[in-house]
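Residues 1 to 900 in the UniProt record's numbering are what the sequence shown lists, from first letter to last.
Taking it in order: structure first as structure tokens, then the write-up.
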Amino acid sequence: MTASEVLADLRRQGVTLWADGPDLRFSAPRGVVDAAAVSLLSRHKPELLRLVASPSEAAPEAAPQPPPAALPLRAPAGFSLDDDVLSLAAIPDWVLEDQAPYVRHVSPYKGFLYGRMGLDKTFLRGEGCYLVDADGHRYADCIAQFGAVPFGHDPDPVWDAIVALRRERRPNLVITSISQEAGALAERLLALAPPGLAHAVFSNSGAEAVEAALKLARVATGRTGILSARDGFHGLTLGALSATGRDFFQRGFGAPAAGFNYVPFGDLAAVEAAMAARPGYFAAFIVEPVQGESGILPAPPGYLREAQAICRRHGALLIVDEVQTGLGRTGRLFACEEDGVTPDVMVLAKALGGGLVPVGACLYTREVYRESFDLRHGSTFGGNALACRAAMATLDLLTRDDQALVRHVAAVGRTLRADLDAVQAEFPRLVAAVRGRGLMLGVALDLDQAGRAAGGIISAMQQQGLLLYLVVSYLLNVARIRIAPSFTQGTVLRIEPPLVADEAFCAAVAAGLRRVLAILERGDAGALLAHLIAPGAPIPAEPASPRKAPASPGEAPATAARFAFVVHLLGPSDMHRFDPSFARFTTAQLDGFRRRTAPFVRPFASGALQVRDRAGREAAGELLVIPHTPEELLALPGAEARDLVQRAVDLGAERGAAVIGLGGFSSIVSDGGLALKAPPELRITSGNSLTTWTALAAVERACAARRMPLEGCTVAILGAAGAIGHALARLCPDRAGALLLVGNPRSAQGGLDRLEAIAAACRAASGRPVRATLDLDALAEADVVFTATSAVAPFLRGTQLRRGALICDVSRPKNAMPDLYAERPDLVPVGSGLLRAPAGAALDRLGECGQPDVLVACAAETIVLALSGHRDGHLCGALDLATIEAIGRLATQAGFAVVE
Ligand SMILES: Cc1ncc(COP(=O)(O)O)c(C=O)c1O
1 MTASEVLADL RRQGVTLWAD GPDLRFSAPR GVVDAAAVSL LSRHKPELLR
51 LVASPSEAAP EAAPQPPPAA LPLRAPAGFS LDDDVLSLAA IPDWVLEDQA
101 PYVRHVSPYK GFLYGRMGLD KTFLRGEGCY LVDADGHRYA DCIAQFGAVP
151 FGHDPDPVWD AIVALRRERR PNLVITSISQ EAGALAERLL ALAPPGLAHA
201 VFSNSGAEAV EAALKLARVA TGRTGILSAR DGFHGLTLGA LSATGRDFFQ
251 RGFGAPAAGF NYVPFGDLAA VEAAMAARPG YFAAFIVEPV QGESGILPAP
301 PGYLREAQAI CRRHGALLIV DEVQTGLGRT GRLFACEEDG VTPDVMVLAK
351 ALGGGLVPVG ACLYTREVYR ESFDLRHGST FGGNALACRA AMATLDLLTR
401 DDQALVRHVA AVGRTLRADL DAVQAEFPRL VAAVRGRGLM LGVALDLDQA
451 GRAAGGIISA MQQQGLLLYL VVSYLLNVAR IRIAPSFTQG TVLRIEPPLV
501 ADEAFCAAVA AGLRRVLAIL ERGDAGALLA HLIAPGAPIP AEPASPRKAP
551 ASPGEAPATA ARFAFVVHLL GPSDMHRFDP SFARFTTAQL DGFRRRTAPF
601 VRPFASGALQ VRDRAGREAA GELLVIPHTP EELLALPGAE ARDLVQRAVD
651 LGAERGAAVI GLGGFSSIVS DGGLALKAPP ELRITSGNSL TTWTALAAVE
701 RACAARRMPL EGCTVAILGA AGAIGHALAR LCPDRAGALL LVGNPRSAQG
751 GLDRLEAIAA ACRAASGRPV RATLDLDALA EADVVFTATS AVAPFLRGTQ
801 LRRGALICDV SRPKNAMPDL YAERPDLVPV GSGLLRAPAG AALDRLGECG
851 QPDVLVACAA ETIVLALSGH RDGHLCGALD LATIEAIGRL ATQAGFAVVE
């Protein structure tokens, strides 16, 4: 596809593309830009940038305003909780039936996901900085309702203030009259706030206070434009959401509303440029002193001051959102004190309610006051007496002893910061940054690095965007520390305990972090997940034998041809093989865990494979793992199973594979690969050609070695209606004495008819005896048995087989019962469709039979195609005999040898 075709195609589907400097940005209806489209966009990015920048092309997209905020085009990093998971299919009813009422009725989706990750705790009591569950376990609370629990969970003085209101029999709700409590609270707040703030309007939440601020700015300036910082967070009501410059929150809700624009956080030049570009347009710039939701990012020193100067020059107001930072959180009563500014408007909420009641406030200067706002803005519950009394008690607690508590926050915050800095120094590969102020701290983890270094399940979890949640789950369940992951930037742990947290509390938090980082550092998925894999059981020790991951071959040369090979679990016990740190668990424990997590685990890339052939050509690749067993794949509705394979293929394409091979049932459920979509330059192969060739070659050699010419043998083919069996059925008549095509005894008459038709064609072509049957006992006639079926479990028993028969079992999972050869030592296993790779190959978990250089032929075919660049013939669906020969030849030339 050319870039113009890609552009036209996307536009037809409602995608809007535009250039933003060197970035290509897009907005699209949900679901349109899938991984394959992203890979196309990335590939054609330079041409597309040129096309959308040229006036004739840009015309259809010209918008009256700068386009709404969109994130720079990036390949989706796989499944992540804060992204695609929210668009998954509805939770089935049966899952919800036995859930708590909260999950059933309030938050089925989040409840379900949290449950699967062990994050669904119920707390019965709050005790200061700790929450207590039904088992009496105490959890250190570093979330504290994102700052709304300043004095811990049972703040007596705040309760006392509420009880006093009752004792005094004060009315709570007196709208249209004069509220003494609201007046007193306003007076007190304004006295404490930066000088110059003169009025207050109360709300029931932070978002509502932000709404008030936005309306005030518009009415005070007579302008509509609102500028805010990208990735900031101001609440989720539509106006506040429009200022929240984050696609994740806005998508699907008709946000942003008209008039909202964004600049990068911390970039004053961008504020200046945006305002200068549209004189008289912007009413206000709204910003947080420390971005909380997006991963605890403090503004650079002087930022608010300079931003206010820019606003002044352009006739706009500065709104400082202190909903999270305000009231002591950063070690100052208000974070903007740091810059010595009095914002035109300042918003507060969270801590103002003392951890008990919802209350917010929007404070503003005399210059901003407008009668029309005063008259027409308000809320039924805003400024109710109960909330105001709680807020007054909060201010008392914060300011008593000359703001001792705020100074405590600064001091404890410094100690905790130093401890977290030390943690970073201990784990420099894992901790990318520690940042924040006071008790609003963020620990940014480099989980990509952790995933890459650990491989196995840890890498898989990181690719799915789940690793941070699993770290949080470990901290909660094992270290008993509640820490929130940043919901915006996928890698930050937010540490915001109650302001009254002491040094011992903070030291325990740092110790918990050290524990989980040590686990990540040694790549011990078993320890990280033990509480989920074996819930309630004592955490098993690490297995005595050190973990043995396959040796990594190191960086592949850039010139190496890229390939990928789709695999799935062959059975529950495969989990052990997949991550050596799982040795401490039983198969049942692992399988239970896998089933619980399967609904939100997508195919993931794993391992590093490298092969250099005789001619010095190199190929590098990886496995694309579908975490399902054959039974599960077959039990899924066909489209869903196909979709899983398609996702694996998309992932491989996105990661640069030029050839993708389909291992195991991934070929079966995708119609031998025919049902899959891929860009034309990507080759998909079922791998069946080389499997067929290898099986035949191994049997021919074994016959020759035994002086047992194939021409004199009766050859049986089990699974002759499948691609490999059918190809063998066409290849064998010329070579074998007699041929027996054996179908699945459970298949209907149609199965036998099809087999009869194949037999008739073979008879006609060769003139030799060819018979079709569904009777497995007929195998007793065969000297050689090829078995290539899609049975999900072994079934081939010794009682069905002739003495001394050669058995070539290319099925995965194998068709031969595990004890077949022990029970019947006369039988001769031949080849099983295996090849030995050229010397020096690194095959990761592909290594078969305990031999690191032996692999299944379908994987070898993928590598051979990558090495040779061969692209002719049928690689998917029904096989053609010429392609089988050609690929067999190429494999031999490349140095692959048949294993007998
Ligand atoms: C900076 C900021 N502004 C506004 C809000 C919205 O507050 P609320 O959740 O009370 O609506 C939040 C909440 O996290 C916030 O952090």
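Quick reminder that beta carbons are idealized off the backbone N, C-alpha and C, glycines included.
- Task: Would you list the residues sitting across from Gln291 in a DSSP beta bridge?
- Result: Walking along the sequence shown from the start, residue 291 turns up at place 291. The partner list for Gln291 (beta bridge, DSSP) reads Leu297.
- When DSSP labels each residue in this structure, what does Leu318 get in the three-state scheme? Within the sequence shown, numbered from 1, the residue matching residue 318 stands at position 318. Looking at Leu318 - three-state DSSP - the assignment turns out to be strand.
- Query: Under the three-state reduction of DSSP, which class applies to Leu81: helix, strand or coil?
  - Reply: Mapped onto the sequence shown, residue 81 falls at position 81. Below a pLDDT of 50, predicted positions are generally treated as unreliable, and Leu81, at 38, falls in that range; the measurement from the model is reported next regardless. Coil.
- Query: Considering Ser473, what are the terminal residues of the alpha helix (DSSP H) in which it resides?
  - Reply: To locate residue 473, count along the sequence shown from 1; it is residue 473. Where Ser473 is concerned, the enclosing alpha helix (DSSP H) stretches over 467–477.
- Message: Less than 8 angstroms between C-beta atoms, sequence neighbours within five positions excluded: which residues of the same chain meet that for Val423?
- Response: Within the sequence shown, residue 423 is the residue found at index 423, counting from 1. Cβ neighbours of Val423 beyond the five flanking positions: Val431, Val434, Val443, Ala510, Leu513, Arg514, Leu517.
- Query: What residue range is occupied by the uninterrupted alpha helix (DSSP H) comprising Gly725?
  - Reply: By 1-based counting over the sequence shown, the position of residue 725 is 725. Looking at the DSSP string, the run of the alpha helix (DSSP H) that includes Gly725 is 723–731.
- Compute the Euclidean distance between the alpha carbons of Gly239 and Arg845, then round it to the nearest angstrom. Sequence index remark: in the sequence shown, residue 239 carries index 239 (1-based). Sequence index remark: in the sequence shown, residue 845 carries index 845 (1-based). Rounded to whole angstroms, Gly239 to Arg845 spans 52 angstroms at the Cα level.
- Item | C-beta contact flag for Gly382 and Ser203 at 8 angstroms | On the sequence shown, position 382 is the one that residue 382 refers to. On the sequence shown, position 203 is the one that residue 203 refers to. In contact: Gly382 and Ser203 (Cβ atoms closer than 8 angstroms).
- Query: Which residue or residues does DSSP assign as beta-bridge partners of Asn261?
  - Reply: Residue 261 sits at position 261 when you count from the first residue of the sequence shown. BP columns for Asn261 point to Leu227.
- On the three-state DSSP scale, how would you describe Val174? Your numbering for residue 174 matches position 174 in the sequence shown. Residue state, collapsed to three classes: coil.
- Query: Sorted by chain position, which residues of the same chain lie with C-beta nearer than 8 angstroms to Glu632's C-beta, five sequence neighbours on each side aside?
  - Reply: Reading the sequence shown from its first residue, position 632 is the one you call residue 632. Excluding positions up to five away in sequence, the list reads Ala598.
- Query: DSSP on Met392, reduced to helix/strand/coil?
  - Reply: Residue 392 sits at position 392 when you count from the first residue of the sequence shown. DSSP places Met392 in helix when its eight states are reduced to three.
- Query: Can you check whether the CB of Ala859 is closer than 8 angstroms to the CB of Gly687?
  - Reply: For the purposes of this step, residue 687 is identified with residue 687 of the sequence shown, where counting begins at 1. For the purposes of this step, residue 859 is identified with residue 859 of the sequence shown, where counting begins at 1. Yes; because the gap between Cβ atoms is below 8 angstroms, this pair is in contact.
- Task: Please state whether DSSP places Thr587 in a helix, a strand or coil.
- Result: Taking the sequence shown and counting its residues from 1, the one referred to as residue 587 is at position 587. Correct three-state label for Thr587: helix.
- Is the CB-CB distance between Ile457 and Phe578 below 8 angstroms? The residue given as residue 457 occupies position 457 in the sequence shown. The residue given as residue 578 occupies position 578 in the sequence shown. It is a contact, given that the beta carbons lie within the stated cut-off.
- Pull up the distance between the alpha-carbon of Asp727 and that of Thr692, whole angstroms please. One-based indexing of the sequence shown puts residue 727 at position 727. One-based indexing of the sequence shown puts residue 692 at position 692. Residue identity differs from the one stated: residue 727 is Ala in this sequence, not Asp. Approximately 7 angstroms, taken between the alpha carbons.
- Message: Threshold first: 4 residues or longer. Then list the alpha helix (DSSP H) segments lying entirely within the region 614–667, N to C.
- Response: 630–635, 638–654
- Going by DSSP, name the residue or residues bridged to Thr714. Numbered from 1 along the sequence shown, position 714 holds the residue referred to as residue 714. Note: Thr714 sits in a beta bridge opposite Ala738.
- Report yes if the C-beta distance between Val347 and Cys336 is below 8 angstroms; otherwise report no. The residue labelled residue 347 in the question sits at position 347 within the sequence shown. The residue labelled residue 336 in the question sits at position 336 within the sequence shown. No. Outside cutoff.
- Task: Could I get the ranges of all uninterrupted alpha helix (DSSP H) runs contained in the region 340–389, with 4 residues as the minimum, in chain order?
- Result: 371–376
- Could you check how far apart the C-beta atoms of Cys808 and Ser790 are, in whole angstroms? I think they sit under 8 angstroms. As a first step, residue 808 must be located in the sequence shown, where it is residue number 808. As a first step, residue 790 must be located in the sequence shown, where it is residue number 790. Not a contact, Cβ separation roughly 17 angstroms.
- Query: Shortest alpha-carbon distance to Leu651 belongs to which of Ile143, Asp402, Arg417, Pro679?
  - Reply: On the sequence shown, position 651 is the one that residue 651 refers to. The option with the nearest alpha carbon to Leu651 is Pro679.
- Task: Write down the C-beta distance between residue 903 and Ala695 rounded to the nearest angstrom, noting that I regard them as a contact closer than 8 angstroms.
- Result: Residue 903 cannot be examined here, being either before or after the span of the chain that is shown, 1 to 900.
- For Ala207, the nearest candidate out of Thr365, Val219, Thr773, Ser242 (CA to CA): Translated into the one-based positions of the sequence shown, residue 207 becomes position 207. When each option's Cα is compared against that of Ala207, the closest is Ser242.
- Task: Select from Pro150, Thr342, Ile684, Arg768 the residue whose C-alpha is nearest the C-alpha of Asp396.
- Result: Taking the first residue of the sequence shown as position 1, residue 396 is located at position 396. That would be Pro150, whose Cα lies nearest to the Cα of Asp396.
- Task: Determine the direct distance from the alpha carbon of Leu590 to that of Pro538, and round the result to whole angstroms.
- Result: Taking the first residue of the sequence shown as 1, we reach residue 538 at position 538. Taking the first residue of the sequence shown as 1, we reach residue 590 at position 590. Taking the straight line from one Cα to the other gives about 15 angstroms.
- With burial defined as no fewer than 16 other Cβ atoms inside 10 Å of the residue's Cβ, what is the status of Asp419: buried or exposed? If you number the sequence shown from 1, residue 419 lands on position 419. Asp419 is buried by the Cβ-count criterion.
- Through-space distance from Val174 to Arg218, alpha-carbon basis: The residue you call residue 218 lines up with position 218 of the sequence shown. The residue you call residue 174 lines up with position 174 of the sequence shown. Taking the straight line from one Cα to the other gives about 29 angstroms.
- Message: Our contact map puts Ala284 next to Ala316 with C-beta atoms below 8 angstroms; I'd like the distance itself, whole angstroms only.
- Response: Stepping through the sequence shown from its first residue, residue 284 is reached at position 284. Stepping through the sequence shown from its first residue, residue 316 is reached at position 316. The pair is a contact, with the Cβ atoms about 5 angstroms apart (cut-off 8 angstroms).
- Message: I need the DSSP call for Pro66, collapsed to helix, strand or coil.
- Response: Here residue 66 refers to the residue found at position 66 when the sequence shown is read from its first residue. In this predicted model, Pro66 has a pLDDT of only 38, less than 50, meaning its place in the structure is not dependable; the value taken from the coordinates is given anyway. Note: Pro66 maps to coil in three-state DSSP.
- Item | Exposure label - Lys814; buried when at least 16 CB within 10 Å | Translated into positions along the sequence shown, residue 814 becomes position 814. Buried.
- Message: Could you check whether the Cβ of Val323 sits closer than 7 angstroms to any heavy atom belonging to ligand 1?
- Response: The sequence position of residue 323 within the sequence shown is 323, counting from 1. Yes, the Cβ of Val323 comes within 7 angstroms of a heavy atom of ligand 1.
- Nearest to Gly328 (by Cα), restricted to the options Arg594, Ala193, His576, Gly280: Locating residue 328 in the sequence shown gives position 328, where the first residue counts as 1. The option with the nearest alpha carbon to Gly328 is Ala193.
- Hey, Gly465 and Val406: beta-carbon distance below 8 angstroms or not? Counted from its first residue, the sequence shown places residue 465 at position 465. Counted from its first residue, the sequence shown places residue 406 at position 406. For Gly465 and Val406, no; Cβs fall outside 8 angstroms.
- Message: Here's the rule: buried if 16 or more other CB atoms are within 10 angstroms of the residue's CB, otherwise exposed. What is His234?
- Response: Sequence index remark: in the sequence shown, residue 234 carries index 234 (1-based). The residue in question, His234, is buried, as its Cβ has 16 or more Cβ neighbours within 10 Å.
- Query: Is it right to say Val345 is buried, meaning 16 or more other beta carbons lie within 10 angstroms of its own, or is it exposed?
  - Reply: Against the sequence shown, residue 345 aligns to sequence position 345. Looking at its Cβ environment, which holds 16 or more other Cβ atoms inside 10 Å, Val345 is buried.
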